[in-house]
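A short write-up of the structure that comes next.
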Amino acid sequence: MGLAANIVLGERYRLIRRLGRGGQSEVWLGERLATGQHVAIKAHIDKDVPDPVALQRFVREARAISQLRHPNTVRLFDFGSGPAGYQFMILEYIEGETLESWLKKMAAQGHVPNQAQIIDIGVQVLRALAEAHSLGIVHRDIKPANVMMQQLAGEAPLVRLVDFGIAWVSQSVLTGLGRSMGTPAYMSPEQSMGRPVDGRTDLYSLGLVLYRCAAGRPPFDGKPMQVISQQMTAEPLSLAETTRTPLSQRLVAAVHRALAKNPEERFATATEMRLALEAASLQPLAPLQNERHYLPVRSDGTSVPATSDASCDLSTEVDLSSPKSRSRVGASES
4 MGLAANIVLG
14 ERYRLIRRLG
24 RGGQSEVWLG
34 ERLATGQHVA
44 IKAHIDKDVP
54 DPVALQRFVR
64 EARAISQLRH
74 PNTVRLFDFG
84 SGPAGYQFMI
94 LEYIEGETLE
104 SWLKKMAAQG
114 HVPNQAQIID
124 IGVQVLRALA
134 EAHSLGIVHR
144 DIKPANVMMQ
154 QLAGEAPLVR
164 LVDFGIAWVS
174 QSVLTGLGRS
184 MGTPAYMSPE
194 QSMGRPVDGR
204 TDLYSLGLVL
214 YRCAAGRPPF
224 DGKPMQVISQ
234 QMTAEPLSLA
244 ETTRTPLSQR
254 LVAAVHRALA
264 KNPEERFATA
274 TEMRLALEAA
284 SLQPLAPLQN
294 ERHYLPVRSD
304 GTSVPATSDA
314 SCDLSTEVDL
324 SSPKSRSRVG
334 ASES
């Protein structure tokens with residue numbers, strides 16, 4: 004039995020419409036019957052062959068989110084079982100769009116965010132990560148599709164971090180050495196190699212997000228396995244050369260420090276990186292080194308949108324003992 008509109012879960016929540024699906028979960032817009040409040044309902048759905056590890060990850064995600072209280076993180080309201088034994092979590096429904104969607108709209112017009120916007124996004128994500136890391140939770144899938152831009156009347160967007168579906172939690176054994184999970188375009192080298200991770204892997208991924216915000220594309224592009232190889236061996240082009248918006252030298256330096264291959268050379272904590280971004284906002288902007296990166300045009304004079312990382316926008320589980328990788332589409336709406 005599949006989920007469908009108007010099904011009631013736990014006698015309290017009614018499904019309205021599906022927002023997205025992927026792997027073994029679906030995300031629905033729902034309604035709390037008692038109050039009429041809109042909520043996001045994420046349900047674990049077993050396919051033809053039950054996957055107990057996937058179910059364990061789903062439960063682990065709910066437990067991780069339940070510990071988080073920061074306003075820049077999505078909130079968990081409830082957890083329970085529905086028809087046919089479905090496990091579901093009731094999450095805050097965030098009105099807005101993903102950073103992925105926002106960046107693509109800007110790219111379609113030949114633009115990228117300015118430095119103030121880039122720093123604001125980074126600072127808010129880092130505030131959410133500081134709390135998660137203090138609790139031993141590593142997100143492991145920081146990417147534009149997992150950052151929501153919540154629109155508030157008369158205010159700048161409130162950035163919300165979502166989808167802890169592949170988060171690593173201290174003492175967890177669900178992802179062993181030699182296997183990695185994440186999105187290739189935004190994975191750290193140690194994550195790509197299936198090595199142990201800590202909060203610095205999220206800082207690397209956020210560095211890739213900020214690089215894309217400024218340059219209009221991530222530093223490494225191509226097919227998933229090509230990108231994974233580049234993450235491990237190639238150095239990104241200097242953001243000072245690829246940026247399409249003026250940046251301060253401190254911001255460029257902060258992004259590249261986050262992108263260090265060796266975790267020991269990155270910022271030690273999310274708070275340290277946040278302070279570096281805030282300091283970068285106080286330095287004058289440097290002029291663009293290469294104007295052609297700013298507003299590229301075709302021969303007919305029309306703008307060329309920055310290429311997206313659509314070819315790598317999969318949450319991919321890579322078994323390094325096998326020459327092939329397995330991919331699953333992330334459950335968050337993008």
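For the sequence shown, the numbering used here assigns the number 4 to the initial residue and increments by one for each residue that follows.
We put the beta carbon where it would ideally sit given N, CA and C, even for glycine.
Count Cβ pairs between the stretch 64 to 81 and the stretch 120 to 140 that sit closer than 8 Å; are there 3 or more? Yes, the stretch 64 to 81 is in contact with the stretch 120 to 140.
**Report entry** Secondary structure, alpha helix (DSSP H): runs of 4+ residues fully inside the stretch 259 to 298
**Finding:** You should have 273 to 283.
- What is the rounded straight-line gap between the Cα of arginine 269 and the Cα of aspartate 201? Spanning the two alpha carbons is a distance of roughly 12 Å.
- Query: Taking alanine 131 as the reference, which of Asn75, Gly85 and Gln154 has the closest Cα?
  - Reply: Per the Cα distances, Asn75.
State the DSSP-derived secondary structure class of isoleucine 68, mapped to helix, strand or coil.
Secondary structure at isoleucine 68: helix, using DSSP grouped into helix, strand and coil.
Classify alanine 159 as helix, strand or coil using the three-state DSSP reduction. If DSSP states are grouped into helix, strand and coil, alanine 159 belongs with coil.
Review point. Out of Ile145, Ile44 and Ala7, which has the shortest C-alpha to C-alpha gap to glycine 33?
Key: Ranking the options by Cα distance to glycine 33, first place goes to Ile44.
Item to complete: Return helix, strand or coil for valine 212, following the three-state DSSP convention.
Response: In the three-state reduction of the DSSP assignment, valine 212 falls in the helix class.
Burial state of serine 195, where buried means 16 or more other Cβ atoms lie within 10 Å = Looking at its Cβ environment, which holds 16 or more other Cβ atoms inside 10 Å, serine 195 is buried.
Check: Using the C-alpha atoms, what's the distance from methionine 190 back to serine 232?
Finding: Computed Cα separation, rounded: 11 Å.
- What separation, rounded to the nearest whole angstrom, lies between the Cα atoms of leucine 288 and serine 251? Those two C-alpha atoms are separated by around 4 Å.
Quick one: give me the first and last residue of the alpha helix (DSSP H) that isoleucine 121 is part of. Element bounds for isoleucine 121: 118 to 137.
*Can you give me the Cβ contacts of tyrosine 89 inside the same chain, cut-off strictly under 8 Å, excluding the 5 residues immediately before and after it?*
Cβ neighbours of tyrosine 89 beyond the five flanking positions: Leu6, Leu12, Ala46, His47 and Ile48.
Can you give the beta carbon distance from alanine 243 to leucine 209, rounded, assuming they're within the 8 Å contact cut? Between leucine 209 and alanine 243 the Cβ distance is about 19 Å, and since that is not below 8 Å, they are no contact.
Q.
Based on DSSP bridge pairs, tell me the residues matched to lysine 45.
A. Lysine 45 is bridged to Val30 and Met92.
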